[in-house]
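> What follows is a single structure, and I will ask about it in a moment.
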Amino acid sequence: MMVTAACAPKGNIFMQEWDTPDGTPPFSRITEADYVPAVREGIERQKAEIKAIVENPQAPTFENTIAAYELSGSLLAKVSGVFFNVSESDSSPQMQQIEEEITPLITAAEDAVFMDPAFFDRVKAVYADSASLTREQQMVTKKLYQRFIRNGVALDAAGQARFKEINTRLASLSQQFAKNLLAENNAFRDKIGVTVSAYPSFMSSCEDRAKREAAFRAYSMRGNNGDAADNNAIVLEIMKLRTEQAALLGYPNSASYLLADKMAGNPETVDAFLSKIMAASMRKAKEEIVDMQAVMDADIAAGKLPAGSKIQPWDWFYYAEKVRAAKYDLDEAQTAPYFQIDSVRKGVFYAAEKLYGVKVVEAPDVEVYNPVVKAFRLYDRDGSLLGIFYGDYFSRDTKRGGAWMNNFRDQYVDASGKDVRPIIVNVCNFPPPTQDTPSMLSIDNVQTAFHEFGHALHGFLTRCHYKDVSGTSVARDFVETFSQFNEHWAFQREILSVYAHNCKTGEPIPQELVEKIGNSLKFNQGFMTGELCAASILDMKWHELTAEELAGFTDAQSIRDFEARVCREMGLVEEIIPRYRTTYFNHIFNSGYSAGYYSYLWSEVLDNDAFEYFKEQGLFNPDVALKFRQTFLEKGGSEEPMTLYRSFRGADPDPAALMRARGLE
Numbered sequence: 275m276m277v278t279a280a281c282a283p284k285g286n287i288f289m290q291e292w293d294t295p296d297g298t299p300p301f302s303r304i305t306e307a308d309y310v311p312a313v314r315e316g317i318e319r320q321k322a323e324i325k326a327i328v329e330n331p332q333a334p335t336f337e338n339t340i341a342a343y344e345l346s347g348s349l350l351a352k353v354s355g356v357f358f359n360v361s362e363s364d365s366s367p368q369m370q371q372i373e374e375e376i377t378p379l380i381t382a383a384e385d386a387v388f389m390d391p392a393f394f395d396r397v398k399a400v401y402a403d404s405a406s407l408t409r410e411q412q413m414v415t416k417k418l419y420q421r422f423i424r425n426g427v428a429l430d431a432a433g434q435a436r437f438k439e440i441n442t443r444l445a446s447l448s449q450q451f452a453k454n455l456l457a458e459n460n461a462f463r464d465k466i467g468v469t470v471s472a473y474p475s476f477m478s479s480c481e482d483r484a485k486r487e488a489a490f491r492a493y494s495m496r497g498n499n500g501d502a503a504d505n506n507a508i509v510l511e512i513m514k515l516r517t518e519q520a521a522l523l524g525y526p527n528s529a530s531y532l533l534a535d536k537m538a539g540n541p542e543t544v545d546a547f548l549s550k551i552m553a554a555s556m557r558k559a560k561e562e563i564v565d566m567q568a569v570m571d572a573d574i575a576a577g578k579l580p581a582g583s584k585i586q587p588w589d590w591f592y593y594a595e596k597v598r599a600a601k602y603d604l605d606e607a608q609t610a611p612y613f614q615i616d617s618v619r620k621g622v623f624y625a626a627e628k629l630y631g632v633k634v635v636e637a638p639d640v641e642v643y644n645p646v647v648k649a650f651r652l653y654d655r656d657g658s659l660l661g662i663f664y665g666d667y668f669s670r671d672t673k674r675g676g677a678w679m680n681n682f683r684d685q686y687v688d689a690s691g692k693d694v695r696p697i698i699v700n701v702c703n704f705p706p707p708t709q710d711t712p713s714m715l716s717i718d719n720v721q722t723a724f725h726e727f728g729h730a731l732h733g734f735l736t737r738c739h740y741k742d743v744s745g746t747s748v749a750r751d752f753v754e755t756f757s758q759f760n761e762h763w764a765f766q767r768e769i770l771s772v773y774a775h776n777c778k779t780g781e782p783i784p785q786e787l788v789e790k791i792g793n794s795l796k797f798n799q800g801f802m803t804g805e806l807c808a809a810s811i812l813d814m815k816w817h818e819l820t821a822e823e824l825a826g827f828t829d830a831q832s833i834r835d836f837e838a839r840v841c842r843e844m845g846l847v848e849e850i851i852p853r854y855r856t857t858y859f860n861h862i863f864n865s866g867y868s869a870g871y872y873s874y875l876w877s878e879v880l881d882n883d884a885f886e887y888f889k890e891q892g893l894f895n896p897d898v899a900l901k902f903r904q905t906f907l908e909k910g911g912s913e914e915p916m917t918l919y920r921s922f923r924g925a926d927p928d929p930a931a932l933m934r935a936r937g938l939e
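Using my numbering, the letters of the sequence shown map in sequence onto residues 275 to 939.
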């Protein structure tokens with residue numbers, strides 16, 4: 275059946291075939307005026323494509339319903355892939371205004387698709403008769419069917435109308451949360467003199483305790499200052515709407531709704547999992563406080579601090595670094611010259627080549643969206659193209675905080691049978707080089723570079739047929755397994771020997787320093803694990819609130835009181851705060867980790883258990899690496915996560931693997 279598209283705006287770059295290397299975005303030819311018309315046109319085209327599926331007189335089949343849907347919306351995906359990636363990493367007031375306009379358009383369009391009863395009837399028919407499909411087709415069908423159910427297709431007219439209203443409002447609120455946080459991050463930089471991403475390094479080295487306290491208070495109060503960028507009211511409205519939406523679908527709270535399609539399955543499982551980790555991490559944290567207090571007492575005796583001074587949250591980074599230097603004779607000033615950004619990137623790429631046969635070659639002919647971004651081509655062992663990679667590593671005030679991987683284009687097989695290869699970006703906030711100093715990374719930064727490329731490898735090595743299950747399109751509490759697994763290679767001697775050379779002398783990193791790094795990786799894990807686990811618990815407790823409980827939250831103070839109570843009940847020591855407090859918890863209020871921040875720890879059980887298997891069989895055993903690639907990285911979401919894991923490991927993951935890796939046993 276022929277689909278008639280709406281009239282395309284003339285001259286819009288998104289409406290044209292891109293005559294660029296490997297179909298990469300021609301950033302210099304894209305104007306801000308192109309986005310909104312292209313989104314509107316993309317919505318209209320997909321609407322026509324869905325209409326053709328629904329009106330097909332033939333009985334529903336996988337090909338004429340599910341596969342047809344998978345191939346729909348190509349223009350909308352094309353413009354969205356560019357816009358949302360650029361707006362997060364190279365934003366501007368104009369881009370923010372465009373986002374405010376297109377976000378509700380896209381949300382409404384998605385609701386129209388997933389609340390269409392006629393379309394759902396066809397999907398339901400295929401789902402009910404899916405036994406003869408391939409396993410990947412079954413997973414694609416199941417995922418699409420569940421998306422309808424979870425988007426309220428079974429609600430009555432009034433329920434659907436309210437569900438749509440909530441979706442639209444939530445999309446707007448999430449965007450405003452992120453906008454406020456970007457403003458707050460820039461305000462922090464202006465006030466303290468360092469970026470948010472440089473906060474740990476600053477706190478580790480700043481000798482002035484008053485400056486550390488000022489930095490801590492500015493950092494921990496972002497979005498919580500009663501000004502134009504305050505996020506408290508936004509948080510309360512988001513939570514009340516999420517809870518109402520869950521109730522419409524019959525769930526007691528939003529956590530139950532959000533976890534129903536995850537590996538964990540329900541809040542009780544997550545709570546029990548986190549409780550054990552918190553208890554172990556706090557036991558270790560109390561030991562760490564004793565060690566730090568001893569160093570502080572020496573400073574008191576030397577007259578540097580007044581008598582009776584005790585470790586406070588703003589002291590932790592500083593005195594932990596002193597303890598690490600004493601215990602392991604390791605100062606990050608020693609390691610930084612060996613971890614210059616270009617060298618680290620070389621190590622990231624080399625590890626991928628050694629494990630999976632991936633070859634990475636710089637691609638100067640591929641246009642980038644910012645001058646500091648670099649483009650690369652990835653090739654498989656046989657010379658075939660795996661995809662295009664952008665590395666965007668340095669912080670700037672147009673970029674949101676944190677680090678992430680995303681796709682400009684997904685991997686899938688098109689209607690002609692062509693394997694469309696992905697276009698993937700890693701975005702980080704590493705310190706940029708200056709006129710006199712190259713960008714040198716901390717140990718944590720090095721791990722982040724390997725982490726994000728682990729996500730990228732999941733996207734590049736996928737060999738799926740359908741977008742909805744390709745690459746990182748897996749359960750939220752499974753996806754971090756492969757990024758965290760990739761971190762294990764950062765400080766392996768065989769990898770370090772290739773990339774860790776002093777940026778001034780060219781000398782390779784001394785073996786003594788390698789051993790110090792390895793010994794120190796389990797250091798400070800009471801704090802590191804505790805702040806991560808505390809944020810995960812805070813996330814869960816927000817989403818476990820009922821509508822009746824949330825009705826009692828009326829202002830910023832009620833949020834602060836709630837946070838304090840949750841931290842007290844989880845047993846968090848006063849010297850530590852959650853990695854993210856509510857008003858700057860971007861993961862759960864803007865980035866899809868709602869009732870899902872626990873995923874990092876959950877996945878860590880899997881990645882550490884898998885790494886133990888590698889150590890047993892030989893770290894660079896080619897057969898094990900190939901099995902890992904074929905079982906996990908190639909299959910994406912085309913099979914249930916635990917089925918894949920058991921296929922690889924031959925058993926369920928050992929829950930104690932995380933504790934062993936972090937030295938918490």
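Here a beta-carbon is modelled for each residue, glycine too, at the ideal position from N, C-alpha and C.
Please read these numbers as outputs of a predicted model, since none were measured by experiment.
1) Between which two residues does the alpha helix (DSSP H) containing N793 stretch?
2) Relative to the alpha-carbon of M566, which residue among S555, E595 and M556 has its alpha-carbon at the smallest distance?
3) Are there 16 or more other CB atoms within 10 angstroms of the CB of N798, so buried, or fewer, so exposed?
4) Put K909 into one of helix, strand or coil per three-state DSSP.
5) Check R651 in the structure and name its three-state DSSP category.
6) Between which two residues does the beta strand (DSSP E) carrying R695 extend?
7) Does DSSP classify E843 as helix, strand or coil?
8) Within its chain, find whatever has a CB closer than 8 Å to the CB of K416; leave out the 5 residues flanking it on each side and keep chain order.
9) Which residue marks the beginning of the alpha helix (DSSP H) containing M814, and which one marks its end?
10) Taking the alpha helix (DSSP H) that N680 belongs to, which residues open and close that run?
11) Closest to P784 by C-alpha separation, out of N793, G870, S348 and S771, would be which residue?
12) Taking C-alpha atoms, which residue in V898, L875, Q449 and A507 lies nearest to A931?
13) Take the Cβ of A538 as the centre, count every other Cβ of all protein chains shown within 10 Å, and call the residue buried at 16 or more, exposed below.
14) Quick one: what does DSSP say I769 is sitting in, helix, strand or coil?
15) I need the DSSP call for N703, collapsed to helix, strand or coil.
16) Please work out which residues of its chain come closer than 6 Å, Cβ to Cβ, to H861, disregarding the five sequence neighbours upstream and downstream, and give them in chain order.
17) Measure the CB-CB distance between A312 and L349 and report whether it falls below 8 Å.
18) Quick one: what's got a C-beta closer than 6 Å to N441's C-beta in the same chain, skipping five residues either side?
19) Could you give the first and the last residue of the continuous beta strand (DSSP E) run that contains G661?
20) By DSSP, does Y919 sit in helix, in strand, or in coil?
21) Do P645 and the ligand SAM come close, with the Cβ less than 7 Å from some heavy atom?
22) Under 8 Å, do F288 and V328 count as touching if we go by C-beta distance?
23) From the DSSP output, in three-state form, read off Y686 for me.
24) List in chain order: all unbroken beta strand (DSSP E) runs of 3+ residues lying wholly within the segment 455 to 538.
25) Please list the segments of the alpha helix (DSSP H) lying wholly inside the segment 308 to 394, counting only runs of 4 or more residues, in order along the chain.
26) Does DSSP classify K578 as helix, strand or coil?
27) If you follow the beta strand (DSSP E) that V427 is in, where does it begin and where does it stop?
28) Among T736, S406 and N776, which residue has its Cα nearest to the Cα of E659?
29) Under a Cβ-count criterion, where at least 16 other Cβ atoms within 10 Å of its own Cβ denotes burial, should T711 be classed as buried or exposed?
30) Going along the chain, which unbroken runs of the alpha helix (DSSP H) with 4 or more residues stay wholly within the segment 818 to 879?
31) Can you check whether the CB of Y602 is closer than 8 Å to the CB of M570?
32) Straight-line CA distance for F301 to S366?
Per the coordinate set shown:
1) Start at 1 with the first residue of the sequence shown, and residue 793 comes out as number 519. Note, N793: alpha helix (DSSP H), Q785 to S794.
2) If you number the sequence shown from 1, residue 566 lands on position 292. Looking at the Cα atoms, E595 is the closest of the given residues.
3) For the purposes of this step, residue 798 is taken as the residue at position 524 of the sequence shown. With 16 or more other Cβ atoms within 10 Å, it is buried.
4) Position 635 of the sequence shown, counted from the start, is the residue given in the question as residue 909. Of the three classes helix, strand and coil, the one that applies to K909 here is coil, per DSSP.
5) Stepping through the sequence shown from its first residue, residue 651 is reached at position 377. Strand, per DSSP.
6) Within the sequence shown, residue 695 is the residue found at index 421, counting from 1. Neither: R695 is in no beta strand (DSSP E) and is coded neither H nor E.
7) Here the question's residue 843 lines up with position 569 in the sequence shown. Note: E843 maps to helix in three-state DSSP.
8) Counting from 1 along the sequence shown, the entry for residue 416 is found at position 142. Closer than 8 Å at the Cβ level, and outside the excluded window around K416, lie Y401 and S404.
9) Against the sequence shown, residue 814 aligns to sequence position 540. M814 -> alpha helix (DSSP H) spans Q799 to H817.
10) Here residue 680 refers to the residue found at position 406 when the sequence shown is read from its first residue. From DSSP, N680 is part of no alpha helix (DSSP H) but of the beta strand (DSSP E) over W678 to R683.
11) One-based indexing of the sequence shown puts residue 784 at position 510. Nearest of N793, G870, S348 and S771 to P784, Cα basis: S771.
12) Numbered from its first residue, the sequence shown carries residue 931 at position 657. That would be L875, whose Cα lies nearest to the Cα of A931.
13) As a position in the sequence shown, residue 538 is number 264, starting the count at 1. A538 comes out buried.
14) Here the question's residue 769 lines up with position 495 in the sequence shown. In this structure, I769 counts as helix in the three-state DSSP scheme.
15) To locate residue 703, count along the sequence shown from 1; it is residue 429. Correct three-state label for N703: strand.
16) To locate residue 861, count along the sequence shown from 1; it is residue 587. Closer than 6 Å at the Cβ level, and outside the excluded window around H861, lie Y867 and Y871.
17) The residue you call residue 312 lines up with position 38 of the sequence shown. The residue you call residue 349 lines up with position 75 of the sequence shown. A contact, by the Cβ cut-off of 8 Å.
18) Residue 441 sits at position 167 when you count from the first residue of the sequence shown. Contacts found: T381 and D385.
19) Taking the first residue of the sequence shown as position 1, residue 661 is located at position 387. L659 to F668 is the span of the beta strand (DSSP E), which, as asked, contains G661.
20) Position 645 of the sequence shown, counted from the start, is the residue given in the question as residue 919. In the structure shown, Y919 sits in a helix (DSSP, three-state: H, G or I).
21) Ligands in the displayed structure: none, and consequently the ligand SAM is not present.
22) Stepping through the sequence shown from its first residue, residue 288 is reached at position 14. Stepping through the sequence shown from its first residue, residue 328 is reached at position 54. No, the Cβ-Cβ distance between F288 and V328 is not below 8 Å.
23) For the purposes of this step, residue 686 is identified with residue 412 of the sequence shown, where counting begins at 1. Looking at Y686 - three-state DSSP - the assignment turns out to be strand.
24) none
25) 348 to 363 and 367 to 388
26) Walking along the sequence shown from the start, residue 578 turns up at place 304. Looking at K578 - three-state DSSP - the assignment turns out to be coil, as it is neither helix nor strand.
27) In the sequence shown, residue 427 corresponds to position 153, counting from 1. No beta strand (DSSP E) contains V427, which DSSP labels as neither H nor E.
28) Position 385 of the sequence shown, counting from 1, holds the residue named residue 659. The sequence as given places Leu at residue 659; Glu does not occur at that position. That would be T736, whose Cα lies nearest to the Cα of L659.
29) In the sequence shown, the residue the question calls residue 711 occupies position 437. So T711 counts as exposed.
30) 821 to 824, 830 to 844 and 860 to 863
31) Here residue 570 is taken as the residue at index 296 of the sequence shown, counted from 1. Here residue 602 is taken as the residue at index 328 of the sequence shown, counted from 1. No, Cβ-Cβ distance for M570 and Y602 is not below 8 Å.
32) Your numbering for residue 301 matches position 27 in the sequence shown. Your numbering for residue 366 matches position 92 in the sequence shown. Cα-Cα distance, rounded: 15 Å.
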